[in-house]
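Written out below as structure tokens is the structure these notes cover.
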Amino acid sequence: MGRRLKFSNPKLKRILLAIAAVAVFAVGAAAFIWTKYEVTTVTVNGNRHYTSEQIKEIVMEGNYGHNSLYLHYKYRNKSDLNIPFVQTMDVDIVSPSEISITVYEKAIAGYVEYLGRYMYFDKDGIVVESTTTQARDLPYVTGLKFDHVVMYEKLPVEDDQIFKEILSVTQLLSKYGIQTDKIYFDPNRDITLYFDKAKVQLGSMESIDEKMAGLRDIIPRLGGLSGTLDMRDYTEDRGNAKSFFQRDDVQKHAAISENSIIDSVSENEVSVSGNS
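Okay, so the sequence shown: first residue is 9 according to my numbering, each after it adds one.
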């Protein structure tokens, strides 16, 4: 029969008992933290490019992803997340079972396409992101001339003042709730916006706020028409400001004023009548 192990050294016995007590306490504490701090409620703020569900999946991945204490310390002062468009995130403990995730996204003014990738830049023209994914909720800018792109450096365009114009245009698009497919700057820095089958010539930055305000009211009247809306000479203070729309398949122009609507479209012309 086997012998029972006896500890004749009282000091060793006390040490082993202390170790056992610490181990039991540690296991108990871990079990308490695991159950007490299990996340059941999550709120997400500051997210634009990702849905709240996507942010939850990103933050709460892994074996300990549902523990609020673990998440809080994991994302504390962490800035290099390697998540496209996200600068950093904070995870705050509202209660042991509830966390609040605050997303701080990179400030992006627009993006260009280069060698099959989309290069996203900030208000100063500095490239802050490069992906193969096109973000439809951000302005796609074309017409800029450059021969190379370096991450975290400014796009090497001839005149970097154009980035101020891009920022102004994108801010006004947001202000008036206008969603455009593409912004084009020609060699003279005149601006053209693209909407499905139609394009809008805004011209220079002169009276750009008034042009955008007028465009907001005009866009619904164009419907699915294919053609060009000329707003290069549009100014709101002319009283009866007009823009001209030319369909691609005809040579006639339709004058669209603030008091007129498109009331019929035939094969050969666009008919416009007054609202009054």
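Just so you know, even glycine gets a beta-carbon here, dropped at the ideal spot from N, CA and C.
| Item | Value |
| --- | --- |
| Cβ neighbour criterion (16 or more within 10 Å) applied to Q62 | exposed |
| Bridge-paired residues (DSSP) for A206 | F203 and G235 |
| Beta-carbon contacts of G211 that lie in its chain and below 6 Å, excluding the five residues immediately before and after | D198 and R240 |
| Beta-carbon proximity check, Q95 vs E121, cutoff 8 Å | no |
| Residue range of the beta strand (DSSP E) that includes Q95 | V94 to S103 |
| Helix, strand or coil at S212 [DSSP, three-state] | coil |
| Euclidean distance between Cα positions of H74 and V47 | 5 Å |
| Three-state class that DSSP yields for I116 in the structure shown | coil |
| Which of helix, strand or coil DSSP assigns to V149 | strand |
| Closest Cα partner of A143 within the set A117, Y72, F193 and L175 | A117 |
| Assumed close pair V99, V67 - CB separation to whole angstroms, cut-off 8 Å | 7 Å |
| Unbroken beta strand (DSSP E) run spanning T137, endpoints | Thr is not the amino acid found at residue 137; the sequence shown has Glu there. From DSSP, the beta strand (DSSP E) with E137 extends over V135 to T139. |
| Through-space distance from Y72 to K131, alpha-carbon basis | 38 Å |
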